[in-house]
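A.B. asks:
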Amino acid sequence: MEKSNGYSSERNILCLFDVDGTLTAPREKIDPQLDEFFQTLRRKVKIGIVGGSDYSKIAEQLGEGDDVIHKFDYVFAENGTVQYKDGKLLSKHAIQNQIGEELLQDLINFCLSYMGLIKLPKKRGTFIEFRNGMLNISPIGRSCTLEERIEFSEIDKREKIREKFVAALKEEFAGKGLRFTKGGLISFDIFPEGWDKRLCLEQLASESLDTIYFFGNETSDSLHGALFRGETTMRSSTTRGLSASRSTPRRTRPASVGSFSLMLHPTSPDVLECPHLPSTLLRPAGTTTSNTGPYFNC
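Numbered per the numbering used here, the sequence shown spans residues 50 to 347.
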């Protein structure tokens, strides 16, 4: 059954996507073909995104300006601390209100002191980015170029710069109710306990949804895994980058969250898997699994 606007009148399924590494390569723009397909998919199911970046960065990758909040039914920026539904702002949380100014300044001062001791081939600007729901810390600086970003990532793999930084923070701020999570190529996030990507489920629990399918490139990491910890197990392999091959999820049982069930699928920007949904729902008319393009394989 279709509504007059072309949307299904029974859109009680939500496909929820991570952004960096899933819909796009880190900080890159979405493929126009995938962008177009999402609007076709949206006629059958609700679609949403949840990302660690602030809304302005998500908008740069997935659209222009306020375009993104109108292209997706749900947009959860900064791990869900900034929430949009149907193009309207629902809520916004502030880290300074949650942890207090004193602890916030202690965090910032510690990070600045620690980064002052790190020697790298290159350093740029924006080492600490203050967001609504978190601090984003980048030893090289977020204003680095793509080439510099990749160079730092390779150094970080060898020398574990971010891993050691996070370990120092965990020791210094033990018992303060903080989480430290590495993400992307050049940075890591600091946020209050409970302010990970599970935060979006508080809003979704009040929606009339039967099932949520979550797609992420690193479903075993501490952020994505937080959505499902102890309730859903996955194959340990993950997919990375635009050239990544498909990963196959292994599901023990859906996680029960409120009145809906929650499924987890590791994927990449190349191939989005949703084997539990009908192929007629997801694959564009006239296409087959042998066609090239960013389609759902069913």
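Where a beta carbon is used, it is the ideal one built from N, C-alpha and C, also for glycine.
Can you list, in chain order, the residues of its chain with a C-beta nearer than 7 Å to that of Asn61? Leave out the 5 residues immediately preceding and following it.
C.D. replies: Ser257, Leu258, Asp259
A.B. asks: List the DSSP bridge partners of Cys64.
C.D. replies: Ile96, Tyr262
A.B. asks: Where Ser236 and Leu184 are concerned, what is the direct C-alpha to C-alpha distance, given to the nearest angstrom?
C.D. replies: 10 Å
A.B. asks: Out of curiosity, what's the CA-to-CA distance linking Gly224 and Leu166?
C.D. replies: In a straight line, the C-alpha of Gly224 is about 25 Å away from that of Leu166.
A.B. asks: Consult DSSP for Thr71 and reduce its assignment to one of helix, strand or coil.
C.D. replies: Thr71: coil per DSSP, three-state reduction.
A.B. asks: Which residues in the same chain have their Cβ closer than 8 Å to the Cβ of Leu139, if we skip the five residues on either side of it in sequence?
C.D. replies: Gln132, Tyr133, Gln252
A.B. asks: Under a Cβ-count criterion, where at least 16 other Cβ atoms within 10 Å of its own Cβ denotes burial, should Lys137 be classed as buried or exposed?
C.D. replies: exposed
A.B. asks: Which residue or residues does DSSP assign as beta-bridge partners of Asp238?
C.D. replies: Paired residue(s): Asn185, Thr230.
A.B. asks: Which residue comes first and which comes last in the beta strand (DSSP E) that contains Leu156?
C.D. replies: Taken as a continuous stretch (DSSP letters only), Leu156 belongs to no beta strand (DSSP E), being part of the alpha helix (DSSP H) at 150–164.
A.B. asks: Find out if the Cβ-Cβ distance for the pair Arg180, Asp103 is shorter than 9 Å.
C.D. replies: yes
A.B. asks: So, at 7 Å on beta carbons, what are the nonlocal neighbours of Gly129 in its own chain, with the 5 sequence-adjacent residues on each side left out?
C.D. replies: By the criterion of a C-beta distance shorter than 7 Å, Gly129 is surrounded in its chain by Val99, Lys246, Leu248, Cys249, once the five residues flanking it on both sides are discounted.
A.B. asks: Using 8 Å for Cβ pairs, my map puts Ile79 next to Leu72. What's the rounded Cβ distance?
C.D. replies: 6 Å
A.B. asks: Leaving out five residues on either side along the sequence, give the residues of the same chain with a beta carbon under 7 Å from the beta carbon of Glu221.
C.D. replies: Phe159
A.B. asks: Just grab the DSSP bridge partners of Val381 for me.
C.D. replies: Outside the displayed range of the chain (50 to 347) lies residue 381, so it cannot be described from this structure.
A.B. asks: To the nearest angstrom, how far is it from the Cα of Ile144 to the Cα of Gly182?
C.D. replies: 5 Å
A.B. asks: Using a C-beta cutoff of 9 Å, does Phe214 count as contacting chain C?
C.D. replies: Checking the listed chains, one finds no chain C in this structure; it contains a single protein chain.
A.B. asks: From the DSSP output, read off the bridge partner residues of Phe179.
C.D. replies: Answer is Leu184.
A.B. asks: At the level of alpha carbons, what is the spacing between Asp69 and Pro170?
C.D. replies: 25 Å
A.B. asks: Considering only their Cβ atoms, is the gap separating Arg173 from Ser202 smaller than 9 Å?
C.D. replies: no
A.B. asks: Below 9 Å between beta carbons: does that hold for Ile189 and Leu63?
C.D. replies: No, the pair does not count as a contact, with Cβ atoms beyond the cut-off.
A.B. asks: Within the same chain, show all residues whose beta-carbon is closer than 7 Å to that of Ala217, passing over the 5 residues directly before and after it, in chain order.
C.D. replies: Tyr163
A.B. asks: If we count the other Cβ atoms within 10 Å of its Cβ and call it buried at 16 or more, is Ala126 buried or exposed?
C.D. replies: The residue in question, Ala126, is buried, as its Cβ has 16 or more Cβ neighbours within 10 Å.
A.B. asks: Which value, in whole angstroms, describes the spacing of the CA atoms of Pro318 and Ala74?
C.D. replies: Because Pro318 carries a pLDDT of 38, less than 50, the predicted location of this residue cannot be relied on, and no value is offered for it.
A.B. asks: Expressed to the nearest angstrom, what Euclidean distance is found between the alpha-carbon atoms of Glu76 and Glu151?
C.D. replies: Reading the sequence as shown, one finds Arg at residue 76 and not Glu. Near 32 Å, if we compare the C-alpha coordinates of Glu151 and Arg76.
A.B. asks: For Pro81, is the classification buried or exposed, using 16 other Cβ atoms within 10 angstroms of its Cβ as the cut-off for buried?
C.D. replies: exposed
A.B. asks: Buried or exposed: which applies to Asp238, given that a residue is buried once 16 or more other Cβ atoms fall within 10 Å of its Cβ?
C.D. replies: buried
A.B. asks: Can you tell me the Cα-Cα spacing of Ile96 and Lys168, whole angstroms?
C.D. replies: 43 Å
A.B. asks: Counting only the same chain and skipping the five closest in sequence on each side, list residues whose C-beta sits under 8 Å from that of Asp155.
C.D. replies: Phe222
A.B. asks: In angstroms, rounded to a whole number, what distance separates the CA positions of Phe176 and Ile107?
C.D. replies: 19 Å
A.B. asks: Per DSSP, what kind of secondary structure is Glu77 in: helix, strand or coil?
C.D. replies: Glu77: coil per DSSP, three-state reduction.
A.B. asks: What does the alpha-carbon distance come out to for the pair Leu153 and Lys206?
C.D. replies: In this model, Leu153 and Lys206 are separated by some 29 Å (Cα to Cα).
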